[in-house]
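**Q** Residues 38 to 371 in this note's numbering are what the sequence shown lists, from first letter to last.
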Amino acid sequence: MAPGRAGRASSVFRSVFLMALLALATPGGRPAAACGPAALLVGPPGLTQAVAASLARSGIATREAPGCAPVRVRLDRRDGAIDLSIDDGYGRHSERRVGSADTVAALVESWARADLADDLLVRGPASDTIAAPAAPLALAATAAPAAAPAPAPSRRFGVGVAGESSIASDATLWLGASAGGCARVGPLCAGALARLGADQGLSGASRQRGASRLGFDVLMAASVPLSLGPVALAPGAGVGVGWLRSRAPATDAGVGGAGRGEQEGDSENDSGGLRAEVSMAVLVPLGRELSLSLIAAADIAPLARASQMQSDDAVPREPWAYLRLGAGLRWGTP
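Laid out in C-alpha cells, this is it:
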C-alpha cells in the first residue's frame, strides 16, 4: 500500500474511533436507568409487612433495583409507638416517633418520591449529575430531637376519688373525701361531684363548744383540661346543694333567762342550702390512663348566714366558706 493511502486510512480510523468514544461518553449516548421510588425496610416482620403493604398501595417499591439508591428505613416498636430512622442516598438522616404504620408509610413516601415536588431534582444543562433534593417537608432532618406527638385522650370520660382536708370560715378543721366523674363536651369535661366532710371538734368554734358536724354536698361541675407537656391542669367550677348536721352537748342553764330549765340529751341542728365552688387540679400521669390528682378549691355557702338565724345557739353555726386541699387518683380523661 502506498504511503499516502496508508496515512489517509489511519486518519479515518482515528476519526471513527474518537467519534465512538464521544458517543459513549455523551449523556444521550446510552440509555439512563429508570429508577422508581423505592424504600428498603428493616425491623420486626409484622411491622415491616404492614408498612410495605401501605407503601405498595402508593406505588413505592420495597426492593432495591440495580443501579438505583433507595431510601433505607429502620423500624422498631417502643412504648406503644413506632421509632422511625430514615437515610437517603444523599447523606441525610432523620429520626421520628409516630403512632401507626400508615403514618410511617406517609413519611417514607415523602422521602422516596422525587415527583412530589418538581423542583426537588435539579439537573445541570451539561452534566449527568443529579443534585441532592431539598429535605422532604414532611420529615425535615434537624439537629434537635423530634418530640413525640402528645397522645390524644383514649377515653371521653373520667372518674376520680380524693381525700380532702378543709379549713372553714369559723376556723374549724374538716376531713373528708370526694368522688366524681365527667364526660368530654368539646373543650369541657362536664359531670358531677359528691363530697362528704366531718368536723370532729379539733379546732375553732366546734372545739369551744365540744361539738361535731357532718356535711354532704352534691355539685354539678365542669373543668377545662389544659395540657402542659406530660402534666395537665384542670381549672373548674361547680354549683349544687349541701346538707349539714351539727351536734353539741346540751347546756344546763336556760337560754336567755327564759326559764327553760335543764335540757336532756345533745342539741342537734340541720341546715343546708346552695353551694358554689372554684377549683384547680394538677394531674400527673402514673400510667396509660391513671393519674395522680392534686386539688385546691374554694367553696362558699351563700345562704349560711340566713340559716344561722334559725340555728340552736348550743351548736356552732354553719360556716359560709371553706378552703380545701386534696389528693387522689383519676382514671380516664382529665
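Think of the CB as a built atom: it goes at the ideal place given N, C-alpha and C, for glycine as much as any other residue.
So the alpha helix (DSSP H) W357 belongs to, where does it begin and stop?
**A** Numbered from 1 along the sequence shown, position 320 holds the residue referred to as residue 357. No alpha helix (DSSP H) holds W357; DSSP gives it neither H nor E.
**Q** Take every Cβ of the region 306-319, pair it with every Cβ of the region 266-275, and state whether three or more of those distances are shorter than 8 Å.
**A** The answer is yes - the region 266-275 touches the region 306-319, with three or more Cβ pairs under 8 Å.
**Q** When we look at the beta-carbon of L281 and count the other beta-carbons within 10 Å, is it buried (16 or more) or exposed?
**A** To locate residue 281, count along the sequence shown from 1; it is residue 244. L281 should be labelled buried.
**Q** What's the gap between the Cα of W357 and the Cα of D116?
**A** Numbered from 1 along the sequence shown, position 320 holds the residue referred to as residue 357. Numbered from 1 along the sequence shown, position 79 holds the residue referred to as residue 116. If you take the alpha carbons of W357 and D116, they lie about 49 Å apart.
**Q** Looking at C-alpha atoms only, which residue of I337, L212, Y127, A227 is the closest neighbour of Q237?
**A** Sequence index remark: in the sequence shown, residue 237 carries index 200 (1-based). Minimum Cα distance to Q237 is reached at L212.
**Q** Measuring only the C-alpha atoms, how far is E101 from G73?
**A** On the sequence shown, residue 101 is found 64 positions in, with the first residue counted as 1. On the sequence shown, residue 73 is found 36 positions in, with the first residue counted as 1. Taking the straight line joining both Cα atoms gives about 10 Å.
**Q** Span of the beta strand (DSSP E) holding R114?
**A** For the purposes of this step, residue 114 is identified with residue 77 of the sequence shown, where counting begins at 1. From DSSP, the beta strand (DSSP E) with R114 extends over 108-115.
**Q** For F253, decide whether its Cβ has a neighbour in chain C, counting only Cβ atoms nearer than 8 Å.
**A** Structure shown: chain C not included; a single protein chain is present.
**Q** What's the C-alpha gap between V307 and F194?
**A** Taking the sequence shown and counting its residues from 1, one reaches residue 307 at position 270. Taking the sequence shown and counting its residues from 1, one reaches residue 194 at position 157. Note that residue 307 corresponds to Asp in the displayed sequence, not to Val. Roughly 35 Å between the two C-alpha positions.
**Q** Give me the Cβ distance between V110 and L78, rounded to the nearest whole Å; I'm assuming they're in contact under 8 Å.
**A** Position 73 of the sequence shown, counting from 1, holds the residue named residue 110. Position 41 of the sequence shown, counting from 1, holds the residue named residue 78. That belief holds up - the Cβ atoms of V110 and L78 are roughly 5 Å apart, short of 8 Å.
**Q** Leaving aside the five residues before and after S95 along the sequence, list all residues of the same chain whose C-beta is less than 6 Å from its C-beta, in chain order.
**A** To locate residue 95, count along the sequence shown from 1; it is residue 58. The residues are E146.
**Q** With a Cβ-Cβ cutoff of 8 Å, do L311 and P353 count as a contact?
**A** In the sequence shown, residue 311 corresponds to position 274, counting from 1. In the sequence shown, residue 353 corresponds to position 316, counting from 1. The answer is no: Cβ separation not under 8 Å.
**Q** Look up E101 in the DSSP assignment and say whether it is helix, strand or coil.
**A** Taking the first residue of the sequence shown as position 1, residue 101 is located at position 64. E101 falls in the coil class under three-state DSSP.
**Q** Could you round the C-beta distance between M257 and G275 to whole angstroms and report it? I think they count as a contact, below 8 Å.
**A** Residue numbering aside, residue 257 sits at position 220 when the sequence shown is read from its first letter. Residue numbering aside, residue 275 sits at position 238 when the sequence shown is read from its first letter. Sure, about 6 Å apart at Cβ, within 8 Å.
**Q** Using 10 angstroms around the beta-carbon of L263, count the other beta-carbons present and answer buried if the total reaches 16, otherwise exposed.
**A** In the sequence shown, the residue the question calls residue 263 occupies position 226. L263 should be labelled exposed.
**Q** Applying the 10 Å Cβ sphere with the 16-neighbour rule, what's the burial state of Y359?
**A** Here residue 359 corresponds to residue number 322 of the sequence shown, with the count starting at 1. Buried.
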